[in-house]
Structure formats: C-alpha cells, structure tokens
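What follows is a set of notes on a single structure, which appears directly below.
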Amino acid sequence: MYNFNYVKADSVQGAADALSAADDGKYLAGGMTLLPTMKQRLAAPTDLIDLGGIGDLAGISVDGGTVTIGATTTHATVAASAEIAGAIPALAKLASEIGDPQVRNRGTIGGSVANSDPSADYPAAIVALGATIVTNKREIAGDDYFLDIFETALEEDEIITAVKFPVPEKAAYIKFPNPASRYAVVGVFICTGGGDVRVGVTGAGPCAYRATDLEDALKADFSEAAVDGVTIDGSSFNADMHASAEFRANLVSVGAKRAVVQLS
Amino acid sequence: MTVKVETTVNGQSVSGEVEANTLLVEFIRENLELTGTHVGCDTSQCGACTIHLDGVPVKSCTMLAVQANGCEVLTIEGIGTEDNLHPMQAAFQENHGLQCGFCTPGMIMASIGIVDRNKGSLDEATIRAELEGNICRCTGYHNIVKSVAAAAQDM
Numbered sequence: 005m006y007n008f009n010y011v012k013a014d015s016v017q018g019a020a021d022a023l024s025a026a027d028d029g030k031y032l033a034g035g036m037t038l039l040p041t042m043k044q045r046l047a048a049p050t051d052l053i054d055l056g057g058i059g060d061l062a063g064i065s066v067d068g069g070t071v072t073i074g075a076t077t078t079h080a081t082v083a084a085s086a087e088i089a090g091a092i093p094a095l096a097k098l099a100s101e102i103g104d105p106q107v108r109n110r111g112t113i114g115g116s117v118a119n120s121d122p123s124a125d126y127p128a129a130i131v132a133l134g135a136t137i138v139t140n141k142r143e144i145a146g147d148d149y150f151l152d153i154f155e156t157a158l159e160e161d162e163i164i165t166a167v168k169f170p171v172p173e174k175a176a177y178i179k180f181p182n183p184a185s186r187y188a189v190v191g192v193f194i195c196t197g198g199g200d201v202r203v204g205v206t207g208a209g210p211c212a213y214r215a216t217d218l219e220d221a222l223k224a225d226f227s228e229a230a231v232d233g234v235t236i237d238g239s240s241f242n243a244d245m246h247a248s249a250e251f252r253a254n255l256v257s258v259g260a261k262r263a264v265v266q267l268s
Numbered sequence: 049m050t051v052k053v054e055t056t057v058n059g060q061s062v063s064g065e066v067e068a069n070t071l072l073v074e075f076i077r078e079n080l081e082l083t084g085t086h087v088g089c090d091t092s093q094c095g096a097c098t099i100h101l102d103g104v105p106v107k108s109c110t111m112l113a114v115q116a117n118g119c120e121v122l123t124i125e126g127i128g129t130e131d132n133l134h135p136m137q138a139a140f141q142e143n144h145g146l147q148c149g150f151c152t153p154g155m156i157m158a159s160i161g162i163v164d165r166n167k168g169s170l171d172e173a174t175i176r177a178e179l180e181g182n183i184c185r186c187t188g189y190h191n192i193v194k195s196v197a198a199a200a201q202d203m
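Sequences listed follow chains A and B, in order.
Sequential numbering of the first sequence, starting at 5, is according to my numbering.
Sequential numbering of the second sequence, starting at 49, is according to my numbering.
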C-alpha cells in the first residue's frame with residue numbers, strides 16, 4: 005500500500021478535526037476492509053485517522069428495550085456477549101458468522117456499517133430491526149441510512165459512535181455465506197412482535213433493504229406458503245462470479261422461508 | 049511518514065521507527081527477525097500470519113505495526129521452547145498435524161485461541177468451524193483437527 009500520515013485520535017472531536025485537516029483522510033476502525041483495500045491500491049488515503057484508541061466508543065449496554073453497541077465493539081465481543089444473547093440472540097449469531105475468528109477479533113460494527121459493503125451482515129439486522137445509527141452529529145434511522153453500493157447517509161467527516169437496536173419479540177438471521185470470503189451471498193433477517201413483521205435483506209441488492217412485499221405477505225399469513233406466494237424481483241440484484249441475480253432472488257425466498265420456520 | 053512503534057512482543061518491550069504503512073507482520077519478521085510468523089496470502093484469508101494481540105488471535109498481515117502500540121503481542125516463538133513445547137505444539141508433533149509446515153505457526157496460534165474460547169466444550173465440529181480462518185494446502189485438516197482436540201485435553 006502507499007504510505008500515508010497516521011494519526012491516532014484520542015477523542016471523537018479530535019478525529020473529526022484530523023479528518024478536516026487532511027487532504028484525503030479516512031477513518032480507520034478495525035481495518036479488516038480498509039487495509040486490504042489499500043493493499044490492493046483501490047484506496048490511497050493521504051491520512052489514516054485511527055479510531056481504535058477512543059475508549060468510550062467500545063462497549064455494549066442493554067437498557068430496557070434497547071441494545072446499544074459502541075462503534076468500535078468487535079464482532080467477537082458481540083458474538084460472545086451474554087447480554088446480547090439474552091436480548092437479541094439472532095444478532096449475536098449474526099456477529100458469530102462474520103468472516104473468521106481472527107477477523108472477528110479486529111472487525112468492528114461501526115466499520116462494517118460505515119463501509120456498507122453490499123454483502124455485509126449487520127446491515128440486514130439494521131434495516132429489519134429498525135436500528136438507529138448514532139453519529140457525532142445526529143441520529144440516523146436505519147431505514148434512511150443505506151443509499152446505494154458502498155454509499156450511506158454519512159457525511160464525509162461524520163463518525164458513527166454507536167448503533168442502537170430495539171429488542172424485538174423474536175428474530176432470526178439466515179445467511180448463505182460465500183464459502184471463501186464468508187460474506188453473505190444473501191442474508192435474510194426477520195423479526196416479529198406485536199403483529200408486525202420486518203424483513204431485512206443483504207447481499208442481494210446494491211445495499212441492504214427492507215423486503216416490504218415479504219413483510220406484507222407474512223403479516224397476513226406467517227408461513228412458508230406466504231413467502232412462496234411472493235415473486236422476488238431480482239432485476240436490480242447483484243450478479244457476479246459467485247451468483248446470478250436470479251439465484252440471489254431465489255436465495256432471498258429460501259432464506260425467508262428458513263427464518264419463518266425458525267420463528268414459528 | 050514514519051511512526052514510532054512501541055509494543056511488547058513475547059514479554060519483551062520493543063520499539064522501532066518505521067514507515068506508517070508497515071504491517072505488523074513486516075515489523076515482526078523484518079525488524080524483530082522473528083520469522084516464525086509467516087506471510088501466505090497477504091490478503092487476510094489464509095491465517096499463516098496469525099499472532100495473538102492482547103490474548104486473542106488476529107491476522108498480522110492486516111494490521112499496521114503502529115496499531116500494536118501499547119499492546120501485548122505473542123508470536124509462535126513466545127509460546128514454548130524446544131525443550132518445553134506448548135501443549136498445542138506437542139500435540140501437532142505427536143499427531144502429525146502438518147506436512148510442509150508453512151501454515152503451522154498460524155494454525156497453532158489460531159488453535160490456542162479455539163481452545164481458549166471453548167474451554168470444556170470443544171467438539172470436532174467446533175474445531176473445524178473455527179479453523180475457518182486458516183488454510184492448509186497439504187493435510188486435508190484431519191490431523192490438525194486431531195491435534196487441536198488432543199491439545200485441548202492438556203491445556
């Protein structure tokens with residue numbers, strides 16, 4: 005990778021100031037995507053502003069109906085958290101299926117959500133659960149956050165500080181991992197409660213989205229047959245060497261059915 | 049830009065002035081001349097570069113050296129000696145958990161993490177699932193899995 009200026013931030017404000025002062029700066033969280041990207045020279049920031057030393061960005065708290073996960077909390081910490089396993093077990097399971105153990109020991113929820121890889125896992129949970137992205141400037145509703153491939157509502161210098169998840173009655177996450185990268189070819193997150201059903205899909209389209217047609221069908225009849233009755237429109241889905249758009253559309257259906265079975 | 053690296057490796061304080069883009073594995077191999085930690089794929093897939101950072105396995109090819117500042121780094125050189133092998137090293141030797149040996153340092157460091165995370169409840173399926181971040185192109189994994197299971201009894 006090309007060389008760069010390294011800045012170790014000790015506060016969120018300090019990090020934002022360092023980014024403003026930089027020519028073409030980037031925030032560094034766990035680095036599990038950014039560093040490989042820089043090694044391939046697909047990114048060449050002039051400055052890396054390391055968020056890893058900002059202590060109050062890491063941590064998990066469960067307060068009534070909300071799970072709050074600090075931005076630099078690692079996937080391994082989320083996967084092993086007894087508090088999260090008690091409140092939203094599907095979220096702990098999702099974290100336990102990201103990458104591999106070594107990657108989970110470094111990769112962070114904030115980094116994953118900021119990067120918005122179309123095949124990342126957390127985005128499915130964020131849209132399905134109606135999570136809130138907390139930044140140094142504002143709170144962004146999960147429904148308004150993912151815009152397009154690698155594109156989010158974040159401003160250039162905005163820093164995610166935490167993600168807040170409302171605790172659902174029940175939730176399930178079904179993932180079809182790419183056998184090499186472990187990214188989701190398709191991942192379907194379904195949560196239920198109070199008569200409502202929400203379905204988040206990752207891996208299929210340019211970014212995570214709510215499958216409202218599946219939600220309507222499952223609200224009327226929470227069954228595999230209801231999923232079968234919905235035609236998944238794959239016209240805007242990703243197609244690559246790993247899976248065609250048609251195959252991804254089928255996986256959305258199969259994943260939704262498996263989640264429904266788990267939740268029934 | 050150069051940066052100052054100040055960390056602890058295998059219990060000893062070490063420091064050095066390196067370019068900011070120096071990877072932790074480069075610092076370990078080239079500055080400290082601890083060449084037991086290998087670089088296989090250099091893309092965070094194969095796990096040959098696995099070391100422990102503050103007690104947990106990470107891939108040192110996907111970390112900057114400067115990110116280890118203030119941390120405890122443990123490499124394959126730090127877990128045992130020729131006369132007093134770590135139980136995981138002894139198990140790999142006894143169960144022939146290697147052929148060419150290139151992936152072995154990373155396998156051993158990752159496997160110690162597997163045993164640490166699953167004390168008392170380590171079955172074969174768990175070992176296989178958690179070796180996901182390490183690739184061996186020789187063995188077919190059977191003897192590696194046997195080695196980890198055997199070491200778990202002694203750790």
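Using N, Cα and C, we set each Cβ at its ideal position, and we do this for glycine too.
Check                                                                                                                  : Outcome
Span of the beta strand (DSSP E) around A:Asp67                                                                        : Ile64 to Asp67
C-beta contact flag for B:Lys136 and B:Ile192 at 8 Å                                                                   : The sequence as given places Met at residue 136 of chain B; Lys does not occur at that position. No, the pair does not count as a contact, with Cβ atoms beyond the cut-off.
Strand pairing of A:Cys195, partner residues [DSSP]                                                                    : A:Ala175 and A:Arg202
Member of A:Ala25, A:Val264 and A:Val171 whose CA lies at the smallest distance from the CA of A:Glu228                : A:Val264
Exposure of A:Gly259, with buried meaning 16 or more beta-carbon neighbours within 10 Å                                : buried
A:Met36 at chain B interface by Cβ criterion, 8 Å                                                                      : yes
The region 94 to 112 of chain A: positions lying closer than 8 Å to chain B by Cβ                                      : Gly103, Asp104, Pro105, Gln106, Val107, Asn109 and Arg110
Interface residues of chain B facing A:Phe180 [CB-CB closer than 9 Å]                                                  : Going along chain B, no residue has its Cβ under 9 Å from A:Phe180, so there is no contact; the nearest lies around 16 Å.
Sequence-distant residues of the same chain with beta carbon closer than 6 Å to B:Asn79, five excluded per side        : Gly64
Start-to-end residues for the beta strand (DSSP E) that takes in B:Ile99                                               : Thr98 to Leu101
Proximity below 8 Å, CB of A:Ala26 to CB of A:Asn140                                                                   : no
First and last residue of the uninterrupted alpha helix (DSSP H) at A:Gly90                                            : Ala86 to Ala91
Euclidean distance between Cα positions of B:Gly88 and A:Gln106                                                        : 15 Å
Neighbour flag for B:Glu74 against chain A, beta carbons, 8 Å                                                          : no
Distance between A:Val203 and B:Glu74 (C-alpha atoms, nearest Å)                                                       : 44 Å
Burial state of B:Lys107, where buried means 16 or more other Cβ atoms lie within 10 Å                                 : buried
Cα-Cα separation, A:Arg252 to A:Asp225                                                                                 : 24 Å
A:Arg113 in three-state terms, based on DSSP                                                                           : Before going on, a small fix: residue 113 of chain A reads as Ile here, not Arg. DSSP places A:Ile113 in helix when its eight states are reduced to three.
Backbone CA spacing between B:Ser169 and A:Glu101 [nearest angstrom]                                                   : 19 Å
8 Å Cβ cutoff, A:Phe8 in contact with chain B                                                                          : yes
Cα-Cα separation between B:Thr187 and A:Leu218, rounded to whole angstroms                                             : 45 Å
Chain B residues whose Cβ lies nearer than 8 Å to that of A:Leu55                                                      : The contacting residues do not exist; A:Leu55 stays about 11 Å from chain B at best.
Beta carbon proximity, A:Leu267 to chain B, threshold 8 Å                                                              : no
Under 8 Å (Cβ pairs) to chain A, residues found in the region 128 to 162 of chain B                                    : Ala158, Gly161 and Ile162
A:Ile73 versus A:Ser15, A:Ala124, A:Tyr10 and A:Lys168, residue with shortest Cα-Cα distance                           : A:Lys168
Backbone secondary structure at A:Asp225 - three-state DSSP                                                            : coil
Heavy atom of the ligand MG within 7 Å of A:Pro170 beta-carbon                                                         : The ligand MG is absent from the structure shown, which contains no ligand whatsoever.
Segment limits, beta strand (DSSP E) that includes B:Pro105                                                            : Val104 to Lys107
Beta-carbon neighbours of A:Met5, restricted to chain B and to distances below 7 Å                                     : Asn69
CB of A:Ile64 within 8 Å of CB of A:Thr50, strictly                                                                    : no
Boundaries of the beta strand (DSSP E) in which B:Gln60 is found, first to last residue                                : Gln60 to Glu67
9 Å Cβ cut-off: residues of chain B touching A:Pro49                                                                   : Going along chain B, no residue has its Cβ under 9 Å from A:Pro49, so there is no contact; the nearest lies around 11 Å.
Beta-carbon spacing of B:Ala68, A:Phe8 below 8 Å                                                                       : yes
Contact under 8 Å by Cβ, A:Val201 with A:Lys223                                                                        : yes
At least 3 beta-carbon pairs within less than 8 Å: the region 80 to 100 of chain A vs the region 152 to 163 of chain A : no
The alpha helix (DSSP H) enclosing A:Gly18, as first and last residue numbers                                          : Val16 to Ala25
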